[in-house]
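**Q** Sending over a structure as structure tokens; questions will come in a sec.
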Amino acid sequence: MVEPLHIGVLALQGAFREHRIMLEKCGAKVTEIRRLPGGSPWGGLEMFDGIVLPGGESTTMGRLLVDEGLLEPLRTCGQAGMPVYGSCAGLILLCREVEGPDGALIEQPRLGLLDARVRRNAFGRQADSFETRLDVKGVACDMEAVFIRAPVIVSCGPSVEVLCRVEGPLGPSPVAVRQGRVFATSFHPELTADSRFHAWFLNICLAWRSAGGFPS
Ligand code: GLN
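So the sequence shown is numbered by this note's numbering: it starts at -3 and just counts up by one.
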């Protein structure tokens, strides 16, 4: 029997349970990450075939990542090619630059694995939360998408592929992006009944594991 994929879901804060449920529904084994497992030069994170960063509050999560000594090891995993997916606050943690709703740069702890600049709470107060249906290139058509105080990507480098845009206050803005095996969405597929995004991410994780996975 083939070993199920083993996914680490960051569980310091936010909507991690919903990701866990979705990934388990898709057949993966899930471990919630609250501290560094330890026991190897990679901090034990190499046991995972992929990592998920949930939505929540990116400043708090970033601070807790630093406190728990998880920031650097997670960055190393992403740089080594491990598939990483971040939704909403998870997207913010992945970006190289973060700005506030007014466009001014904010210094907050982040992984910086995505060559992109993100604006927090970009949809403003009136549309703090909304739902829509989206086509996400190469992933799924007509996906239910839930936006909660969502960020948008304001600019990104040539290695970042935009998978989907939504009309926002700054015009049509990227809300789903990919850079190699790093993925991010402004919205929350884990809060819907549609598991296609997670199933697609698990396929990327499977391909990575089949190709040898983490360098030993
Ligand atoms: N606005 C939140 C932040 O900036 C993200 C919201 C979310 O994850 N639902 O961290």
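All residues carry an ideal CB built from backbone N, CA and C; glycine is no exception. No experiment lies behind these values; they were computed from the predicted model shown.
Using the C-alpha atoms, what's the distance from R129 back to A76?
**A** The alpha-carbon atoms of A76 and R129 are separated by roughly 34 Å.
**Q** Using the three-state DSSP reduction, which class does S191 fall into: helix, strand or coil?
**A** Of the three classes helix, strand and coil, the one that applies to S191 here is coil, per DSSP.
**Q** Check this for me: beta carbons of G39 and L89, under 8 Å apart or not?
**A** Against a cut-off of 8 Å, the Cβ pair of L89 and G39 comes out as no contact.
**Q** Would you check if the distance between the CB atom of A136 and the CB atom of F183 is smaller than 8 Å?
**A** Result no, Cβ atoms of A136 and F183 do not sit closer than 8 Å.
**Q** Per DSSP, what kind of secondary structure is M78 in: helix, strand or coil?
**A** It is coil, neither helix nor strand.
**Q** Helix, strand or coil for A24? Go by DSSP, reduced to three states.
**A** Looking at A24 - three-state DSSP - the assignment turns out to be coil, as it is neither helix nor strand.
**Q** Just reading off the alpha helix (DSSP H) that D63 is part of, what are its end residues?
**A** 54 to 63 is the span of the alpha helix (DSSP H), which, as asked, contains D63.
**Q** Using DSSP with H/G/I as helix, E/B as strand and the rest coil, what is L32?
**A** L32: coil per DSSP, three-state reduction.
**Q** Indicate the three-state DSSP secondary structure (helix, strand or coil) for R205 in the structure shown.
**A** Here R205 sits in helix by DSSP.
**Q** Identify, in the order they occur along the chain, each residue of the same chain with its Cβ nearer than 6 Å to the Cβ of G4, setting aside the five sequence neighbours on each side.
**A** Hits under 6 Å: T27, I29, F44, I47.
**Q** Can you give the Cα-Cα distance for A141 and P185, rounded to whole angstroms?
**A** Between A141 and P185, the C-alpha separation is close to 6 Å.
**Q** Which same chain residues, not among the five before or five after G65, have their C-beta less than 6 Å away from its C-beta?
**A** Correct list, in chain order: L32.
**Q** Could you give the uninterrupted runs of the alpha helix (DSSP H) lying entirely in the segment 70 to 143, keeping only those of 4 residues or more?
**A** 85 to 90, all fully within the segment 70 to 143.
**Q** Let me know the secondary structure DSSP gives R145 once reduced to three states.
**A** Coil at R145, not helix or strand.
**Q** According to DSSP, is R13 helix, strand or coil?
**A** Looking at R13 - three-state DSSP - the assignment turns out to be helix.
**Q** When the Cα of G176 is compared with those of L187, T188, A195, V156, which residue comes out closest?
**A** Ranking the options by Cα distance to G176, first place goes to V156.
**Q** Compute the Euclidean distance between the alpha carbons of D111 and C91, then round it to the nearest angstrom.
**A** So the two alpha carbons sit approximately 6 Å from each other.
**Q** DSSP beta-bridge partners for A172?
**A** Bridge partners of A172: C160, T181.
**Q** Taking 7 Å as the cut-off, is the CB of I144 close to at least one heavy atom of the ligand GLN?
**A** For the ligand GLN, at least one heavy atom lies less than 7 Å from the Cβ of I144.
**Q** So, helix, strand or coil for L8, using DSSP?
**A** It is coil, neither helix nor strand.
**Q** Got a sec, what are the start and stop residues for the beta strand (DSSP E) G51 sits in?
**A** Where G51 is concerned, there is no enclosing beta strand (DSSP E), given that its DSSP letter is neither H nor E.
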